[in-house]
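Residue numbers (my numbering), protein chains in the order written: chain U, 1 to 1003; chain Z, 1004 to 1468.
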């Protein structure tokens, strides 16, 4: 009998059997199975293929070419060696990265004064030591070869002093008329210094305006809470305390603010060690599949415009069941018959059973009314102060669309003569209906300060290059108010760069101050830190000011305000249909609102749900695809009134019918060599009235099909026990179900095998139960191991280089609402490695610590090892991918890791450079490497702490404890490769009420 | 093999003559020497020009490959091997017929081989040269490909003797050396004949060097025949071993569709199958152009067709056996790969293979078809197409859809895959045309040995040599 099919016989394992059945259905074949697009012989045009590399190499400006002779490089030794700098030993500095209304604490690795890698600061509340992909990829933004290097006035290169002189000419007049006709358009911030400077600005120029706008913000959330409570409050969620979480269109694990802390908290509430433990339960209602939906125990696809009505129905039912929700009376229209009654019943019962230990969250795409309602629901459930706490919005500036609308109309009317755009790119990302660029053009003096010369810079008189946050001083507050200093790790790479605080200081006072002095001014006084250099140095060292979090505010819901909000901005009941489609605008996982467009790591980072790189698509449901006769890559034209967007479609199981989800941030026209003209610009159809969901669109095929670079063609496990998953109940019945799903035959060896029982023996576990699939590990690995970017064409050809990838599979019977599971796969470090046996030149061998190591010098590139790797984790350098890397980008490389040349194989090494460094330190201190002291890059950054790494020869190590858990299993254990990496099975915690309903339906 | 031996032995008695038209020793020499000694025909120049151009294209593309890297091919992750390895196996396989004809049939005293053995051996040498191009160029860093050889070095680094690719290096290297020697030893008496007939001094001197002072003396013949027999003995296991070792590249790995014990015999049968098909294609053209119908007779062709029918059924059996084992093993991955071969994205390749290799040879059950030249010409070409697809199916389908569905991908060749493959045809035909032009394409001495007048006893002492 088949060992592998044994999985099918396990009780309650509907997953695998159903997948087999699933594979039989014609729909499945038509849509989901899309595995192999028609094979086309691609006449390999070297020009196209190397486009990316060529443009990457264009920047000879850095080579210092002053004559035609070979450039001479001078190496100057330290005349006076700086204290504490040991060449080859990296130093770590704490700083913080601003973002939205919060910040993220960083610990940045610096090699001889050159920052190379971002890690999270454990002391910072929004990081806790972890980072997401965006923060880690900032290192590439610092070394972006397309950064603005010169200050320019109307395209002519100028100096900072020219600008200062020019401003001083304008200053007296502006001061005299109190800033009449002047406006600042800034991004959101959460910074004591910027807040102080903004106040100063408003005092100096009372007639001037300071408008805050970002295309993707928490405006709705903050406004909703303010309107419900009467206070401007910042919510912070404590998922670790919640037994039951209901997400209403909130991708809190990835795309919402504070996603890193959310993921950590959620994972901590979900983590189990044995079948006796309990775990949280997540319900998700969402319009498109997100990684949060993938984690959910129950997921309900619903059009974005319907989710508000769902929240209202929820409030009504909760109110009926005894949780007194003040506004429920105003919502009686939302009789819940439109929604799955059983689902709603189960959720509300679950929430009510966990008063004070539950949490309802809504996504930033939902209206302020929904957020007000959600705040009321949380309050009624006793969650306020428990699973959600509120902080004052101190030192923060929040995006406000309406002020931008007003400003634009004033600019249009000619009422504004000077506009200063502080960072951001409103010409690109302002709502289309405002026609911002035309209004902007009517302003006499347009000043733009940004790190790259983008679309807005192109229309400005003055462009002032802005420093990266790793180059300048500044400060931030986290969502909860915790204060941090932004300290520079490197002098500005280009002398012309100035920080935003230096610019605002000049604007306010007409005089110059250094960023350091400005920040020190803000931090003086008892309110900040106690006097004395020592205290300041401690803040710099720690990265945060101890105990600086603000005190929480007890928010109470005002019945009248809530009712007022509901009537002012009523909840829609409209439904999208085939004639009137709904478009959902979401930030891109990679490019966010477009600011990361020129970042190659992020462009090549697959979207966690679709696995698409280098493109945005309109996600559609299978039903819509079938009705409209669309297949993946078909370009449609999305039309409403005069706005049109041509974009390829992509079929996503689990997408709400008639909702098309489009990622923002693509289609940049002035992004740089990497990001220009990548994807379609969704801002073209996004309006100020409905920036999140907009109905009334029609979609027409334009008869074109384009190739989309998707890194995973096949999306089901085809009955293979790769990702092992069970319900909590099933796990309790059969705690050993996971390893039993595949039989491991006894290993009969003809000789005495190497025992690997001495010294360090490295091993890893990945807990699939908490892995969210957020991609942070992929970027960490890319940064740590100098993994090259290969470009869209190479990715389409299956040549992406990521050493760790996130396999994503759909599960379950329901094609319209399948499950989704993630599995991070890097080298499994087999003790009986099949790759080693077949290499003819012994370039990949085993070391005595159990690592499967690569000798790049020895590799001749037969690719036999990759063929023989059952996990397909080896990556080959098909071309010299790094040959044309610009000098400045080379500064981002980790000097501890070889940059691989053409023709060699590479793969995950368990970060052998970190292992060796830890061993060297331990040896110099005459001790063993301590458990937990050494972390691989992926492990270090994982917000969910899903990855454990350590010495499996030490019975006390955490990794051994993980491997002893009964969920521990080896992928493809029947091959008997004795992998050093093992997985811990995923456990779902479905509501028994819904579970039985589900199984009876499908029986 | 024994059935064939008996059958053909009977045939010898039935048909009597292996050479038609009752030629004399002198006329045999004259017939075979005519082409190399006469002036170069125009057609030869046309053909040679075409072959040289193709070779030039191939070498240029290989130059570009060295310059840019293996990424110019369609291979990717998961299919790390593509056309280069397919072509390598295909060309090595083609070579097998030569060795089989010269060595095994020699040992089995199948004297009908004499008409085609030289031809087939030359083909072997050139096919193996074409095959050897690929392992050399397919590696990522060609400039260090010599790491494959066990060369003493200051680092004390040896190649990995556990790797089938290394076994390949030795197996194919040995095969090429022995085949070359065998061919050359067989050529010596004929080169001496040419030397004696040479009209110019330079030609005579050159041929004198290469014929190693052959005078046709009795002792020379004795030594010669002993040497030839020993080389035949050495070559015989190579026929079996080379393709067995090549099949180890696949069989020793753990990839479903590769990891199977049936591969060695299956590969050897396939090699002989494709080799005979190639000999057939070439012989049909050559005998027509050079007017050697009386030497390469219908009986030779029919015998080759019978071997193709047999080996074709052997590979057909192997194909069905693979399916049976995949089902019988109950191994999920093995089953999936075979189902995918038959109905998956590469089904077109799989059914092309089945049609060409299993269906087409069935036509040779009919004696009429076995003796029909257009039929056998088309069939021989189809068989070689089919055998190329067999290697395509093995290499590509298995790699494209192995254990983890997340890694599955579809392989599409590029212009460079196709171009370099065509280039090896250029290499092959360039060498082959040079051979036809300058060397005896049929073994003169051996043909004389099968003329009736060479054996005054008219088969009374059967098997006496």
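Even glycine gets a Cβ: it sits at the ideal position worked out from N, Cα and C. It should be emphasised that the depicted structure is a prediction, and the values quoted were computed from it without experimental measurement.
Buried versus exposed, by CB contacts within 10 Å (16 or more), residue i
i: residue 537 of chain U; result: exposed
i: residue 1420 of chain Z; result: buried
i: residue 1371 of chain Z; result: exposed
i: residue 644 of chain U; result: exposed
i: residue 848 of chain U; result: exposed
i: residue 567 of chain U; result: exposed
i: residue 924 of chain U; result: exposed
i: residue 295 of chain U; result: buried
i: residue 927 of chain U; result: exposed
i: residue 916 of chain U; result: exposed
i: residue 226 of chain U; result: buried
i: residue 717 of chain U; result: buried
i: residue 579 of chain U; result: exposed
i: residue 288 of chain U; result: buried
DSSP beta-bridge partners of residue i
i: residue 358 of chain U; result: U/244
i: residue 442 of chain U; result: The partner list for residue 442 of chain U (beta bridge, DSSP) is empty, contrary to what the question assumes.
i: residue 763 of chain U; result: U/950
i: residue 126 of chain U; result: Paired residues: none, contrary to the question.
i: residue 114 of chain U; result: U/111
i: residue 376 of chain U; result: Answer is none; residue 376 of chain U lacks a bridge partner.
i: residue 392 of chain U; result: U/233
i: residue 462 of chain U; result: U/153 and U/447
Same chain, Cβ closer than 8 Å to residue i, neighbours up to 5 away in sequence not counted
i: residue 1350 of chain Z; result: 1344
i: residue 432 of chain U; result: 643, 683, 684, 685, 686 and 687
Same chain, Cβ closer than 6 Å to residue i, five either side skipped, listed in chain order
i: residue 1449 of chain Z; result: 1117
i: residue 596 of chain U; result: 602
i: residue 937 of chain U; result: 780, 781, 784 and 911
Cutoff 7 Å; reference residue i; Cβ partners in own chain excluding five residues on either side
i: residue 123 of chain U; result: 105, 542, 543 and 544
i: residue 323 of chain U; result: 352, 380 and 381
i: residue 436 of chain U; result: 408, 426, 427 and 430
i: residue 548 of chain U; result: 481, 482 and 483
Cβ of residue i within 8 Å of any chain B Cβ
i: residue 1193 of chain Z; result: The structure shown has no chain B; the protein chains it does contain are U and Z.
* What residues in the stretch 854-886 of chain U bring their beta carbon closer than 8 Å to a beta carbon of chain Z? -> 858, 859, 860, 861, 862, 863, 864, 866, 867, 868, 870, 871, 872, 874, 875, 876, 877, 878, 879 and 880
* **Members of the stretch 1126-1157 of chain Z near chain U, C-beta cut-off 7 Å** => 1142, 1143, 1144, 1147, 1148, 1150 and 1151
* **Selection of the stretch 1067-1086 of chain Z by Cβ proximity to chain U, strictly under 9 Å** => 1067, 1071, 1072, 1073, 1074, 1075, 1076, 1077, 1078, 1079, 1080, 1081, 1082, 1083 and 1084
* To do: Spell out a yes or no on whether the stretch 1098-1118 of chain Z and the stretch 1048-1056 of chain Z are touching, meaning 3 or more CB-CB pairs, one atom from each, closer than 8 Å.
  => no
* Chain-ordered residues of the stretch 1348-1363 of chain Z with a beta carbon less than 7 Å from chain U -> 1348
* At least three beta-carbon pairs within less than 8 Å, the stretch 645-661 of chain U to the stretch 621-628 of chain U -> yes
* Asked: What residues from the stretch 556-585 of chain U come within 9 Å of chain Z, judged by C-beta to C-beta, listed N to C?
  -> none
* To do: May I ask you to verify whether the stretch 251-270 of chain U touches the stretch 296-314 of chain U, counting CB pairs closer than 8 Å and requiring at least 3?
  => no
* Asked: Quick one: any contact between the stretch 499-515 of chain U and the stretch 462-481 of chain U, if contact means 3 or more CB pairs under 8 Å?
  -> yes
* Asked: the stretch 832-851 of chain U: which residues have C-beta closer than 7 Å to a C-beta of chain Z, in chain order?
  -> 834, 837, 838, 839, 840, 841 and 842
* Compile a chain-ordered list of the residues in the stretch 890-910 of chain U whose CB is closer than 9 Å to at least one CB of chain Z. => 901, 902, 903, 904 and 905
* To do: Evaluate contact between the stretch 867-879 of chain U and the stretch 115-132 of chain U, counting only Cβ atoms and requiring at least three cross-stretch pairs below 8 Å.
  => no
* Taking 8 Å as the threshold, find out whether the stretch 760-774 of chain U comes into contact with the stretch 933-951 of chain U through three or more Cβ pairs. => yes
* Asked: For the stretch 1054-1065 of chain Z against the stretch 1148-1167 of chain Z, are there 3 or more C-beta pairs whose distance is under 8 Å?
  -> no
* Residues of the stretch 1403-1428 of chain Z with a CB closer than 7 Å to any CB of chain U: list them in chain order, please. => 1405, 1406, 1407, 1408, 1409, 1410, 1411, 1412, 1413, 1415, 1416, 1417, 1418 and 1419
* Asked: Taking one C-beta from the stretch 266-281 of chain U and one from the stretch 392-400 of chain U each time, how about it: are there three or more such pairs within less than 8 Å?
  -> no
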